[in-house]
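Heads up: take any position in the sequence shown, counting from 1, add 25, and you land on our numbering.
What follows is one structure encoded as C-alpha cells, with my remarks underneath.
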Amino acid sequence: MMYKSFIFYCSPAGTTRHVTNMIEKKLAGYGHQTTVCVLGKEENILSGIMQEIEATQERICLFIGSPVYSSHALPLVMDFIARLPQRRQAYAVPFATWGGATSGLALEEMGKALEERKYALVGAAKIMAVHSLTWELDNPVGAGHPNTEDEHLIENLATAIERNLQLSEPLKLFHRALSYQPEEVAVEMRKLNLEIARGILPRRVVNEDLCTGCGVCVEKCPVTALTLDPYPVYTDHCILCFNCMRWCPEKAIKADLSPIHERVRERAENHNEKPPSAVFIPGKV
Numbered sequence: 026m027m028y029k030s031f032i033f034y035c036s037p038a039g040t041t042r043h044v045t046n047m048i049e050k051k052l053a054g055y056g057h058q059t060t061v062c063v064l065g066k067e068e069n070i071l072s073g074i075m076q077e078i079e080a081t082q083e084r085i086c087l088f089i090g091s092p093v094y095s096s097h098a099l100p101l102v103m104d105f106i107a108r109l110p111q112r113r114q115a116y117a118v119p120f121a122t123w124g125g126a127t128s129g130l131a132l133e134e135m136g137k138a139l140e141e142r143k144y145a146l147v148g149a150a151k152i153m154a155v156h157s158l159t160w161e162l163d164n165p166v167g168a169g170h171p172n173t174e175d176e177h178l179i180e181n182l183a184t185a186i187e188r189n190l191q192l193s194e195p196l197k198l199f200h201r202a203l204s205y206q207p208e209e210v211a212v213e214m215r216k217l218n219l220e221i222a223r224g225i226l227p228r229r230v231v232n233e234d235l236c237t238g239c240g241v242c243v244e245k246c247p248v249t250a251l252t253l254d255p256y257p258v259y260t261d262h263c264i265l266c267f268n269c270m271r272w273c274p275e276k277a278i279k280a281d282l283s284p285i286h287e288r289v290r291e292r293a294e295n296h297n298e299k300p301p302s303a304v305f306i307p308g309k310v
C-alpha cells in the first residue's frame, strides 16, 4: 500500500538533519519520494506543503524531528504540530536528538500533540548526539554519537514504519509509551522551558572591532533570528543554540559557556539515561 511521506525538522547542530537524511534515504529504497522541509528556515514553502498534506488522497506519514532544548522539543516544532491540518489516514513519527544531559519530555509532548491533531503514532525515536553547547571541550558530552549502533536503530525504525504502513490497519503507538521519564523527574522537567534558559545562559557579547559584517552568523542561524544592523542583532525568537558564536570566523561573538559545561555534565550524571538511543514501535511489525 502506497503512502506519501514528509519529514519536517529543525537541526541547529546538524544531528537532527543527519537522522532526517538517513530516514529519507531508507524510504527512497522503498520507493518513496519524501518531501522534506526545514522548520525555521523554509517557511516560504511550508504553506504549500501544508496544502499538499490536506489534499493528498492516499495515506500520509509525517516524520517530525527536533533537538531537545531545556527538556523539551523546540517551541517552533510544537507550534508547527499545532498548525497541522486534521485529516483521515494520517500517521506520524516524532523523533528527538539529545545531547547527553536528558532527552526530557520531547517525545512524550510531541506524541501527545500529534494525537490531539488526529495523527496516529506509528513509531518514535530518541537518538543521542554530541551536546551542541560543548563543542569547545576536548571531550564533549555525548562524544561519538550518533554511532553505528544509533544509525542501525534509525534504519530499523524506517523499516518498521514501512512494514506497518503496508497493513490495511496499521498498528498504533500511543503517546503514553513515550512517557518513560520517572514521574518525579518529569515534574521538574515540566517547570523548565526555553524562556527560563534565556535567563540562565550567558549573554553573548559582540566585539564590534572584530566583526566584519560577513554574515556567516546570519547564515548559520537555524531559525532566522539574527540580522546585521550593521552588527548582529538578535530577535526574541532566538533559540540560544550559539551557532553564531561557534561559526563566527572572526571570533567576534563571545560568551563564557564554562558554567553551562559543568551544568550539562552534572545533569548527564544525575539522569544517567538508559538506553541513550531507542526506537519505539507498536508491537512487532
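In this text, a Cβ means the ideal position worked out from N, Cα and C, and glycines have one as well.
Inter-residue spacing [alpha-carbon to alpha-carbon] between residue i and residue j
| i | j | result |
| --- | --- | --- |
| residue 110 | residue 77 | 10 angstroms |
| residue 184 | residue 51 | 8 angstroms |
| residue 55 | residue 224 | 46 angstroms |
| residue 79 | residue 71 | 12 angstroms |
| residue 300 | residue 35 | 24 angstroms |
| residue 93 | residue 308 | 26 angstroms |
| residue 106 | residue 29 | 18 angstroms |
| residue 262 | residue 190 | 37 angstroms |
| residue 43 | residue 248 | 18 angstroms |
| residue 310 | residue 163 | In this prediction, residue 310 scores a pLDDT of 44, lower than 50, which makes its location untrustworthy; the coordinate-derived value is nonetheless stated afterwards. Taking the straight line from one Cα to the other gives about 42 angstroms. |
| residue 115 | residue 281 | 45 angstroms |
| residue 259 | residue 272 | 16 angstroms |
| residue 145 | residue 199 | 8 angstroms |
| residue 219 | residue 255 | 27 angstroms |
| residue 192 | residue 113 | 16 angstroms |
| residue 210 | residue 239 | 44 angstroms |
| residue 293 | residue 165 | 12 angstroms |
| residue 4 | residue 74 | Residue 4 lies beyond the residue range present for the chain, which begins at 26 and ends at 310; the question has no answer from this structure. |
| residue 296 | residue 81 | 43 angstroms |
| residue 291 | residue 134 | 24 angstroms |
| residue 174 | residue 84 | 31 angstroms |
| residue 108 | residue 187 | 26 angstroms |
| residue 253 | residue 201 | 44 angstroms |
| residue 53 | residue 208 | 39 angstroms |
| residue 228 | residue 58 | 43 angstroms |
CB of residue i within 8 angstroms of CB of residue j, strictly
| i | j | result |
| --- | --- | --- |
| residue 97 | residue 124 | no |
| residue 251 | residue 241 | no |
| residue 147 | residue 216 | no |
| residue 143 | residue 128 | no |
| residue 60 | residue 31 | yes |
| residue 221 | residue 91 | no |
| residue 132 | residue 203 | yes |
| residue 86 | residue 38 | no |
| residue 285 | residue 158 | yes |
| residue 126 | residue 289 | yes |
| residue 257 | residue 269 | yes |
| residue 130 | residue 214 | yes |
| residue 40 | residue 154 | yes |
| residue 149 | residue 119 | yes |
Opposing strand residues paired with residue i [DSSP bridges]
| i | result |
| --- | --- |
| residue 84 | 28 |
| residue 251 | 259 |
| residue 97 | 94 |
| residue 62 | 33 |
| residue 231 | 278 |
| residue 267 | Partner(s): none; residue 267 has no beta bridge. |
| residue 305 | 149 |
| residue 78 | Paired residues: none, contrary to the question. |
| residue 89 | 33 and 119 |
The stretch 230-242 in contact with the stretch 266-285 per 3-pair CB rule at 8 angstroms: Segments in contact, yes.
Stretch pair the stretch 63-82 + the stretch 102-121: three plus CB contacts closer than 8 angstroms: Inter-segment contact for the stretch 63-82 and the stretch 102-121 is present: three or more beta-carbon pairs are separated by less than 8 angstroms.
Three CB pairs or more closer than 8 angstroms across the stretch 288-308 and the stretch 166-182: Below 8 angstroms, enough C-beta pairs join the stretch 288-308 and the stretch 166-182 to call them touching: three or more.
Stretch-stretch touch, CB-based, cutoff 8 angstroms, three pairs: the stretch 131-142 with the stretch 159-173: In short, these stretches do not touch, since the Cβ pair count stays below three.
Segments of 4+ residues assigned as alpha helix (DSSP H) that fall wholly inside the stretch 92-153: The qualifying runs are 100-107 and 131-141.
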